[in-house]
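Q:
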Amino acid sequence: MKALMPSFNYEKAAKAQEIMANLMDDVGLSDRKYERILGLDASYSNDLSCSVAVLYNARKGKVIKVSSALLKNKVPYVPGFLGFREASAFLASAQEIDLSDVDLILVDGHGRFHPRLAGSAVQVGLALGKPTVGVAKKPLKAEKIDERGYVWLKGRVVGKVLNEPKGAKRLYISVGNEISLEDAFEVVKLLRPGKGLPVPLNIADRLSRRLMEYALRRSEKGYIRRFGLRRKQAS
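All residue numbers for the sequence shown refer to the numbering used here, where the first residue is 12 and numbers rise by one.
1. Buried or exposed for Asp4, going by 16 or more other Cβ atoms inside 10 Å?
2. Can Ala100 and Ser56 be called in contact, C-beta distance under 8 angstroms?
3. Along the alpha helix (DSSP H) that carries Asp52, what are the first and last residues, could you check?
4. Is the stretch 149-156 close to the stretch 219-232, with three or more CB pairs under 8 angstroms?
5. Note down, in chain order, each residue of its chain lying with its Cβ closer than 8 angstroms to the Cβ of Val199, except the 5 sequence neighbours on either side.
6. Distance, Cα to Cα, Val38 vs Gly122?
7. Which class does Tyr21 belong to by DSSP, given the choice of helix, strand or coil?
8. Between Ser131 and Gly94, which are expected to be in contact by the criterion C-beta below 8 angstroms, what is the C-beta distance as a whole number of angstroms?
9. Can you check which of these residues, Gly140, Phe92 and Leu59, is closest to Leu81 by C-alpha distance?
10. Helix, strand or coil: which one does DSSP assign to Tyr225?
11. Put Arg6 into one of helix, strand or coil per three-state DSSP.
12. Assign Gln134 to buried or exposed, taking buried as 16 or more other Cβ atoms, counted over all protein chains shown, within 10 Å of its Cβ.
13. Return the first residue and the last residue of the beta strand (DSSP E) that Ser185 is part of.
14. Please report the straight-line C-alpha distance between Gly50 and Lys76, rounded to a whole angstrom.
15. Report the rounded CA-to-CA distance for Pro176 versus Lys206, giving the unit in angstroms.
16. Find the nearest neighbour of Gly91 within the set Ala105, Glu29, Leu34 and Leu137, judged by alpha-carbon distance.
17. Provide the residue span of the alpha helix (DSSP H) that contains Gly94, from first to last.
18. Whole alpha helix (DSSP H) runs in the stretch 122-202 with 4 or more residues, listed along the chain?
19. Pull up the distance between the alpha-carbon of Val89 and that of Phe124, whole angstroms please.
20. What residues match up with Ser79 in a beta bridge as DSSP calls it?
21. Rounded to whole angstroms, what is the Cα-Cα separation between Asp114 and Asn84?
22. Going by CA-CA distance only, name the one from Ala103, Ala98 and Leu202 that's closest to Leu137.
23. Tell me which residues share the same chain as Trp163 and place their Cβ nearer than 8 angstroms to its Cβ, disregarding the 5 neighbours each side in the sequence.
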């Protein structure tokens, strides 16, 4: 999946999201085992994004591999269309990961819980052809969240709120591709031992922030040649 150019066409992008919403699978296979989890997160600063992919063995509690990417954003920051910006970053960091080693992908963002039912987790799930779950820290606009924590939009359930353990901040879980909402919810719940993000995303989040800080420090001294980006040194 290629990032869109600055001449971003919102009408075409919205249509693409509607098509993706119809293509994604929100049922999946009930007998799948999710042991090797790929967490995708990114940090942003102006026109730069630093994404990190963390492949984590949930059974052994060990990180298998970490990959990162720094790229220039070609899609504007516009709510409702952030998936095009975020998915490009996520896919860039996942390029060094052997997908045959991945059972499930966790994306820092929304899946079905989206105005057109196709957030960044849907885009990533379709692009990589893997069971994918969106895990978001902030909600988008919903019709209601019922007493069981289910998120409703357009007359249907599009996500579920995870507020365990007690005192933890809410996480908004939604399907990205090839998994049911209930399975997605249970996997994230098991991978969240504390009050923060599930382990693979927590690691990816912290690393992306550190790498972005490092990249910005390097850019202040001259050029970031390795990534094909140029930042002029302050005069």
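Note that beta-carbon positions come from the ideal geometry of N, C-alpha and C, so glycine has one too.
A: So, from the listed chains and residues:
1. Outside the shown range of the chain, which is 12 to 246, sits residue 4, and nothing can be said about it.
2. No, Cβ-Cβ distance for Ala100 and Ser56 is not below 8 angstroms.
3. First-last for Asp52: Arg47 to Ser56, but that is the beta strand (DSSP E), not the alpha helix (DSSP H).
4. The stretch 149-156 is not in contact with the stretch 219-232.
5. Cβ neighbours of Val199 beyond the five flanking positions: Leu117, Val144, Val146, Leu173, Leu182, Ile184 and Pro209.
6. Each residue's alpha carbon lies about 13 angstroms from the other.
7. Here Tyr21 sits in helix by DSSP.
8. Their Cβ separation, rounded to whole angstroms, is 4 angstroms, which keeps Ser131 and Gly94 in contact under 8 angstroms.
9. Nearest of Gly140, Phe92 and Leu59 to Leu81, Cα basis: Leu59.
10. Look at Tyr225 here: in three-state DSSP terms it is helix.
11. Not covered by the structure: residue 6. The range shown for the chain is 12 to 246.
12. Classification of Gln134: buried, given that the 10 Å Cβ count is 16 or more.
13. Leu182 to Asn188 is the extent of the beta strand (DSSP E) around Ser185.
14. Cα to Cα, the separation comes out at about 11 angstroms.
15. It is roughly 6 angstroms from the alpha-carbon of Pro176 to the alpha-carbon of Lys206.
16. With respect to the C-alpha of Gly91, the residue from Ala105, Glu29, Leu34 and Leu137 having the closest C-alpha is Glu29.
17. Start and end: Leu93 to Ala105.
18. For the alpha helix (DSSP H) assignment, the uninterrupted runs of no fewer than 4 residues enclosed by the stretch 122-202 are, from N- to C-terminal side, 131-139 and 192-201.
19. Val89 and Phe124: Cα-Cα distance of roughly 16 angstroms.
20. Bridge partners of Ser79: Val63.
21. Going by the C-alpha atoms only, they are around 29 angstroms apart.
22. If you compare the alpha carbons of Ala103, Ala98 and Leu202 with that of Leu137, the shortest gap goes to Ala98.
23. Annotation for Trp163: Ala153, Glu154, Lys155, Ile156, Asp157 and Val169 place their beta carbon closer than 8 angstroms to its own, counting only its chain and skipping 5 residues before and after.
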